[in-house]
Structure formats: structure tokens, C-alpha cells
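Working notes, structure below.
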Amino acid sequence: MESVNSGTLDLVSLINNVINLPAFMKSRLKTVLLEMDGKGYGQVKRIKGRYEEEGIALRFLTTPADPFAPPGRIFVTLKNDYPSELWSTPTRRLALSHFLLSKISTINQKEISIQRPSSAVLKRNSASIGSLIELRFDYHIPARGRRILGRKAVSLFDSMLLVVERYRYHNLNELEKRVLISLEESLEDQEELREKLREEGYACFIANGSKLVKNVDIVPFDAPERLKVSFKLKHREVEGLAIKKGKLVVITGANYHGKSTLLEAMGVAHYLFEPGDGREFVKSPEQLVFANKENRRAVKGVDISSFIHSLPDKQDTSSFTTVEASGSTSQAACIAETLEAGEAGMLIDEDDSAVNLLIKDNRLKHLIPDDIEPIIPLLDTVRDMVKRYGITVILVIGALGEFSEIAETIIMMRNFRVEDRTEELQSFKGRVEVELEPEIAREIPPEIKSKLDEIKATMREEHLPFNPVKRRRPAEDFTCRGKRKVIGMEEIRVEEKKADLRGDMQKILMEKGQINALADAVQYAGRYMDGRRSLQEIATMVVDDVEKNGLDVIGSKLRNYSGFTRWQLIYCLNRLVFFL
10 MESVNSGTLD LVSLINNVIN LPAFMKSRLK TVLLEMDGKG YGQVKRIKGR
60 YEEEGIALRF LTTPADPFAP PGRIFVTLKN DYPSELWSTP TRRLALSHFL
110 LSKISTINQK EISIQRPSSA VLKRNSASIG SLIELRFDYH IPARGRRILG
160 RKAVSLFDSM LLVVERYRYH NLNELEKRVL ISLEESLEDQ EELREKLREE
210 GYACFIANGS KLVKNVDIVP FDAPERLKVS FKLKHREVEG LAIKKGKLVV
260 ITGANYHGKS TLLEAMGVAH YLFEPGDGRE FVKSPEQLVF ANKENRRAVK
310 GVDISSFIHS LPDKQDTSSF TTVEASGSTS QAACIAETLE AGEAGMLIDE
360 DDSAVNLLIK DNRLKHLIPD DIEPIIPLLD TVRDMVKRYG ITVILVIGAL
410 GEFSEIAETI IMMRNFRVED RTEELQSFKG RVEVELEPEI AREIPPEIKS
460 KLDEIKATMR EEHLPFNPVK RRRPAEDFTC RGKRKVIGME EIRVEEKKAD
510 LRGDMQKILM EKGQINALAD AVQYAGRYMD GRRSLQEIAT MVVDDVEKNG
560 LDVIGSKLRN YSGFTRWQLI YCLNRLVFFL
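Numbering (my numbering), first residue to last: 10 to 589.
Here's what the structure looks like:
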């Protein structure tokens, strides 16, 4: 399949492969740049303003203060010559903006760049499509020391404009046109699939032939027969594994056979992907949220009482607060926050979990009296939690086999191949010998074994009630004003507080623009904090504003933003503890 980058040329080839490109840089901009040649960097501010270059408008919004300062920002606007049918719907406009950014970002260099997209097709503020196309570039004026290299600047902007001109529709080659149409058709089918899953009550779908890890040569996905579902879409038909919503699903298998790989693909199934990524038709109608442990994370006022009813310091677990949560309290908080937010699905990986929160074996139940054990294992309450909230819980297990006896669907991974083992493993809940060493099980008389099997089956149907999680309401006196800072993909800071994103967030972030947007969305959310609205309501209002008004509404046109989800915003707010 042709990817978005099929047919991409290097800069020299790109320019040489276009016939009759207009001569650029004849206007006032070239004159200004040449006049600055050899002068101090302070002269750069002279270029601020608007210029016309052969039907392309350049607007210099800001200028860099020096060669090492943050870059300046240019808006480049040109008439859209793409046929209207290629940008007639929101989905097609999204596809065209992704296509243009993928192509034009190949010129990125030290002095000039445009947002480079990941393989996820996200809303981005660096390219907008209408009767005009607007592209946003970051730039530095070339310099030696603090002296402007004006002639090099002319060459720099000339190259930028040539590349922009190169990707007008009338300059595309046939391969590039096919790539764009393929992208648009794929996105239309992905969105249609998402809607069909929603209508038919599915939480997730993995199409046959999917590659669950980008750029890694693993076995293409193939669904077991009993779990296969097919969907006829506008441009293709897809068949694969479908998981019904509101169910408890276990993924098991030997170590290194693909359990976590499958789970992590489900964790990004809410995204649209470009053709060739491999995960285009791994889809969930709503985001499925990771809820694993995050040692030492901050927690503020979260109701974890359904998991931990008491703590040695007598702290109220219905409003738990700490600056450094343990494994069990951090995971309890993550699960509670997911339920509080009303998310549709939860993903838990045994390898990333606090095992004492998930289960407690019979030996320790005998050793530790109930009246001093503070933790209520998830094994005992998860069925009622699923029923009460209608949430889908998908759990990866490698050692905690008890969960397989209460799950409604059991998937086994063998060398990255998928097997349906539901009937076999569910039968264990009525067989006492699976609890015993084989040599001991063989010595039990049949009549006693039959009675024990009956008792075990009855006990497996029993479960503890799950108490509803209380919703928090952020304080109305919080002010959003203050310096914000983004550190890589790992941290957001507002004044002296920080949101550490090194946990599960790293599995679901696709590009830096999402962090930029989330940092400003955190501050933007403050306008809706009145002491009455819940965190869920506030995050929903922010996402609705972005949907109606575009990403720029949350902050600055000077930053590159990429689309984010409501849960990603809630995740950040939950870790900036001064918001609550």
C-alpha cells in the first residue's frame, strides 16, 4: 500500500522535477533581506509584516530576538487549487492538511520548519484548508554570530516558497494524487467503521491483516473464528476480532508472545492512521484508557475507597491525597479517575500493575485477617464494577489465572497469533484440581472432588459490590495565569506545579503538538472551574470549544498544536494537583 510519503523527493530533486516554477523572491521581502546582510541581528524585526510572492502571501507574525531565541512565526497563504471534491468534507480537509504537512515538512532544517506529522492523522493548527490554504512555519534568520546572513536568508525563503508551490495540485504527479485519494478513502472508512462499532455496541475491533506495531515485522493479525465480525464500508470490507462493550475480557499467553502489544494497539485505537501504518483498522468508538500503577504520582482528593478502605495514617480513602502514591494507591487512583470521568473502556496490564491490588491468594487470606487488610482486590469487585458502570475492562494476565475464570471472553496469544480459549478456561471455575498440585489432585476421591467442584463453581459466581466513585469539583478560586512550560514529551509545568506524563500517557501520545496543546488546554480549563462543575464536565467543555472553534482557541497561534482527547486533558489535570 502506498504511504503518504510515497513519491516524496529531496529538495533538489523536488525543484528539478517541476517545470516552469515561477521565479520567487522578487518583491520587497528580498530587498529587505539583502539590506540586512551583515548587520546586527536586531535588524530582523524589520521583516515583520505582510508580503506577496507570485500569488503566495507571507505574514511574519513574530521575529526571533536572536539566533538562539525561540523561532519566529510565518503564516503562508495561497489559493487552494485542489479540486473541491478533495476537500469537500471535514474528513477530506483533514486528509489534505495531513498530506501537505507530510510532504512539505521534508524540507525541515535548522532555520525553517513546519510541523512534521506522525502517522496518526490529527487535527493540527499548522495547516488549514478552505478556499485558501494556510501553512504555519517556524523560522530563524541565518546568521554568523550575531550578524545576519541576508543572502542565505533569501535562498532559505526561496526554497520554502518553491516547496509550497511544488505541492499545489497542478504540480502533483500521478503517484502523489493516488496517495492523497487513498488517504481520504482510508480515513472515510476508518470513521465509518468507528460509527458502526458504536451503533452495534462494540468496544474495539482489530481487522485481519493489521500490523500492531508500526515499522516492526510481526505476524499480521488474524481473528479466531468465533470472534470474527465483518463490516462493509464505503471503499472496502473489513473482517476481524470484535469485542462487545461492557464486558470483562482477558488476554493471556506466554511471555513475549504479543499480549501487551495487542493491548497497546487497543490503547491508540481511537486515532485515525494513514495507510501503511498497519493500525488503520484497529478501531474503538471511544478511547480505551490505560489504568496501571504510577509509583510516586501525585493524587488529590480521589475516592479510592472501593479498593482501599483504610490506611495506617487514618487518611480518608474516599478523598485520598498524596504527593507520592505507592503502587497500589496510584493504580487505585488511576482506576477511580477513569470511572469518575465516565470513560468507556479500561486497559490493565499485569506487568504494569500493583499485584496486591489485583488479587490476594488463599494463603495470604488465611494469614492476614480481614480486619487489618486495607486492600479489596479487584478480582473480588471487577464484575460488579463492569455491571454498574457499563465499562469494558480488558486485562492482560501472564500469572494471575483467577481472572480467566470470571472473564466473559478469553484471548490467548501464541507467537503473536490469536486464539479463542474462552470455553476451555471458563471451565476451570468448576474444576478444583486446577487449584492443586497434580499429584495431590490425583489422590482426591471422585465423590469428594465432585463436591469440591460444585463448591468452587458456586464461589466463583460470588463477588463483592463495587461502591460508586465520587466526582470531584475543582475549586473556583484557582487562577490559570502563570508561566507554563513543556519539557519534551514527559512533563507539563504551570508555575511551580507539574504534571508528570511519564506513565501510561507515553503509550498514547503520538507527537509533540499534543503536549503543546494540552499545556495550554490545562490553563484554558480554568475558565470553567466554578466549584460546581465536575472534572468530567470541565474537560468536555474544553474539547467542545476546540471542536467548534479550532485548536487556536485554547492559546496561541504561535505554537504548533495537535488534537488531544478529553481523557488526555483529564489525565493532565489529575496530576496538576493544585487544580482540585
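Glycine is no exception: its CB is placed at the ideal position from the N, C-alpha and C atoms.
Problem - DSSP-derived helix/strand/coil call for residue 569 - result: Within the sequence shown, the letter at position 560 stands for residue 569. In the structure shown, residue 569 sits in coil (DSSP, three-state: anything other than H, G, I, E or B).
Practice task
Just grab the DSSP bridge partners of residue 213 for me.
Solution key: Your numbering for residue 213 matches position 204 in the sequence shown. According to DSSP, residue 213 bridges with 252.
Problem - Close beta carbons around residue 474, own chain, < 7 Å, minus the five adjacent residues each side - result: Stepping through the sequence shown from its first residue, residue 474 is reached at position 465. The residues are 393.
Exercise for the section: Determine the closest residue to residue 511 out of 301, 553, 404 and 482, with distance taken between C-alpha atoms. Expected result: Taking the sequence shown and counting its residues from 1, one reaches residue 511 at position 502. Cα-wise, what sits closest to residue 511 is 301.
Problem - Own chain, CB closer than 7 Å to residue 198, minus 5 neighbours either side, in chain order - result: What you label residue 198 is simply residue 189 of the sequence shown in a count that begins at 1. Answer for residue 198: 242, 243, 244 and 245, listed in chain order.
Handout entry: residue 114 versus residue 290: straight-line alpha-carbon distance, rounded
Key = In the sequence shown, residue 114 corresponds to position 105, counting from 1. In the sequence shown, residue 290 corresponds to position 281, counting from 1. Whole-angstrom Cα-Cα distance: 26 Å.
Problem - Enclosing alpha helix (DSSP H) for residue 391 [first to last residue] - result: The residue given as residue 391 occupies position 382 in the sequence shown. Segment 387-398, the alpha helix (DSSP H) holding residue 391.
Exercise for the section: Would you list the residues sitting across from residue 267 in a DSSP beta bridge? Expected result: Taking the first residue of the sequence shown as 1, we reach residue 267 at position 258. Bridge partners of residue 267: none, in fact.
Exercise for the section: With DSSP collapsed to three states, give me the class of residue 176. Expected result: For this step, residue 176 is matched to residue 167 along the sequence shown. In this structure, residue 176 counts as coil in the three-state DSSP scheme.
Practice task
Let me know the secondary structure DSSP gives residue 243 once reduced to three states.
Solution key: Taking the first residue of the sequence shown as position 1, residue 243 is located at position 234. Residue 243: coil per DSSP, three-state reduction.
Problem - Spatially closest choice to residue 530 from 408, 572 and 539, by CA coordinates - result: One-based indexing of the sequence shown puts residue 530 at position 521. The shortest Cα separation from residue 530 among 408, 572 and 539 belongs to 572.
Handout entry: Touching by the beta-carbon criterion (3+ pairs, under 8 Å), the segment 527-542 and the segment 97-108
Key = no
Exercise for the section: Below 7 Å CB to CB, which residues in the same chain sit around residue 162 once its five sequence neighbours on both sides are set aside? Expected result: As a first step, residue 162 must be located in the sequence shown, where it is residue number 153. Closer than 7 Å at Cβ, skipping near neighbours: 42, 150 and 151.
Problem - DSSP-derived helix/strand/coil call for residue 148 - result: Within the sequence shown, numbered from 1, the residue matching residue 148 stands at position 139. The answer is strand: DSSP assigns residue 148 an E or B state.
Exercise for the section: Say whether the segment 547-560 touches the segment 273-282, bearing in mind that this needs 3 or more beta-carbon pairs closer than 8 Å, one atom from each stretch. Expected result: no
Practice task
Could you check which residue in 193, 251, 38 and 405 has the C-alpha nearest to that of residue 159?
Solution key: Numbered from 1 along the sequence shown, position 150 holds the residue referred to as residue 159. Of the candidates 193, 251, 38 and 405, the one whose C-alpha sits nearest the C-alpha of residue 159 is 38.
Handout entry: Cβ neighbours of residue 311 in the same chain (closer than 7 Å, five flanking residues each side left out)
Key = Working through the sequence shown from its first residue, we reach residue 311 at position 302. These residues qualify, in order along the chain: 329, 342, 345 and 346.
Handout entry: Distance between residue 90 and residue 80 (C-alpha atoms, nearest Å)
Key = Position 71 of the sequence shown, counted from the first residue, corresponds to residue 80. Position 81 of the sequence shown, counted from the first residue, corresponds to residue 90. Roughly 30 Å separates the two Cα atoms.
Handout entry: Exposure label - residue 548; buried when at least 16 CB within 10 Å
Key = Within the sequence shown, the letter at position 539 stands for residue 548. By the 10 Å Cβ count, residue 548 comes out buried.
Problem - residue 303 vs residue 339 beta-carbon contact at 8 Å - result: Residue numbering aside, residue 303 sits at position 294 when the sequence shown is read from its first letter. Residue numbering aside, residue 339 sits at position 330 when the sequence shown is read from its first letter. Yes, these two residues count as a Cβ contact at 8 Å.
Problem - Cβ distance (whole Å) where residue 253 is taken to contact residue 211 below 8 Å - result: Position 244 of the sequence shown holds residue 253. Position 202 of the sequence shown holds residue 211. The Cβ separation is near 6 Å, so the contact holds.
Exercise for the section: Let me know if residue 232 comes out buried or exposed under the rule of 16 or more other beta-carbons within 10 Å of its beta-carbon. Expected result: The sequence position of residue 232 within the sequence shown is 223, counting from 1. Per the 10 Å Cβ criterion, buried.
Practice task
Please state if the CB of residue 422 and the CB of residue 271 are separated by a distance shorter than 8 Å.
Solution key: In the sequence shown, residue 271 corresponds to position 262, counting from 1. In the sequence shown, residue 422 corresponds to position 413, counting from 1. It is a contact, given that the beta carbons lie within the stated cut-off.
Handout entry: residue 112 classed as buried or exposed, judged by whether at least 16 other C-beta atoms fall within 10 angstroms
Key = Here residue 112 corresponds to residue number 103 of the sequence shown, with the count starting at 1. It is buried - the Cβ of residue 112 has at least 16 other Cβ atoms within 10 Å.
Practice task
Would you mind working out which of 398, 418 and 453 sits nearest residue 433, comparing C-alpha positions?
Solution key: Locating residue 433 in the sequence shown gives position 424, counting from the first residue. Comparing Cα-Cα distances from residue 433 to each of 398, 418 and 453, the minimum goes to 418.
Handout entry: Nearest-angstrom beta carbon gap, residue 141 and residue 123 [assumed within contact, 8 Å]
Key = Taking the sequence shown and counting its residues from 1, the one referred to as residue 123 is at position 114. Taking the sequence shown and counting its residues from 1, the one referred to as residue 141 is at position 132. Actually they do not touch by this definition, with Cβ atoms about 17 Å apart.
Problem - Simplified DSSP assignment, three categories, for residue 84 - result: For the purposes of this step, residue 84 is identified with residue 75 of the sequence shown, where counting begins at 1. Correct three-state label for residue 84: strand.
Exercise for the section: From the DSSP output, in three-state form, read off residue 66 for me. Expected result: Looking up residue 66 in the sequence shown gives position 57. Strand at residue 66.
Problem - Three-state secondary structure (DSSP) of residue 496 - result: The residue you call residue 496 lines up with position 487 of the sequence shown. If DSSP states are grouped into helix, strand and coil, residue 496 belongs with the strands.
Handout entry: Nearest candidate by alpha-carbon position, reference residue 83, set 583, 569, 322 and 574
Key = Indexing the sequence shown from 1 puts residue 83 at position 74. Here the closest residue by C-alpha is 569.
Practice task
Just tell me which of 425, 453, 360 and 389 has its CA closest to the CA of residue 408.
Solution key: As a first step, residue 408 must be located in the sequence shown, where it is residue number 399. Among 425, 453, 360 and 389, the Cα nearest to that of residue 408 is on 360.
Practice task
Using a threshold of 8 Å, state whether the C-beta atoms of residue 6 and residue 237 are closer than that.
Solution key: With the chain running from 10 to 589 in the structure shown, residue 6 is simply not present.
Handout entry: Residue nearest to residue 97 in terms of C-alpha spacing, selected from 194, 370, 118 and 182
Key = One-based indexing of the sequence shown puts residue 97 at position 88. Comparing Cα-Cα distances from residue 97 to each of 194, 370, 118 and 182, the minimum goes to 194.
Practice task
In the DSSP assignment, find the beta strand (DSSP E) that holds residue 299 and state where it starts and stops.
Solution key: By one-based count along the sequence shown, residue 299 stands at place 290. Unbroken beta strand (DSSP E) run through residue 299: 297-299.
Handout entry: Neighbourhood of residue 21 by C-beta distance below 7 Å, restricted to the same chain and skipping five residues each side
Key = Mapped onto the sequence shown, residue 21 falls at position 12. No answer about residue 21 holds up, because its pLDDT of 46 lies below 50 and its placement is not dependable.
Practice task
Let me know if residue 44 comes out buried or exposed under the rule of 16 or more other beta-carbons within 10 Å of its beta-carbon.
Solution key: Here residue 44 corresponds to residue number 35 of the sequence shown, with the count starting at 1. With fewer than 16 other Cβ atoms within 10 Å, it is exposed.
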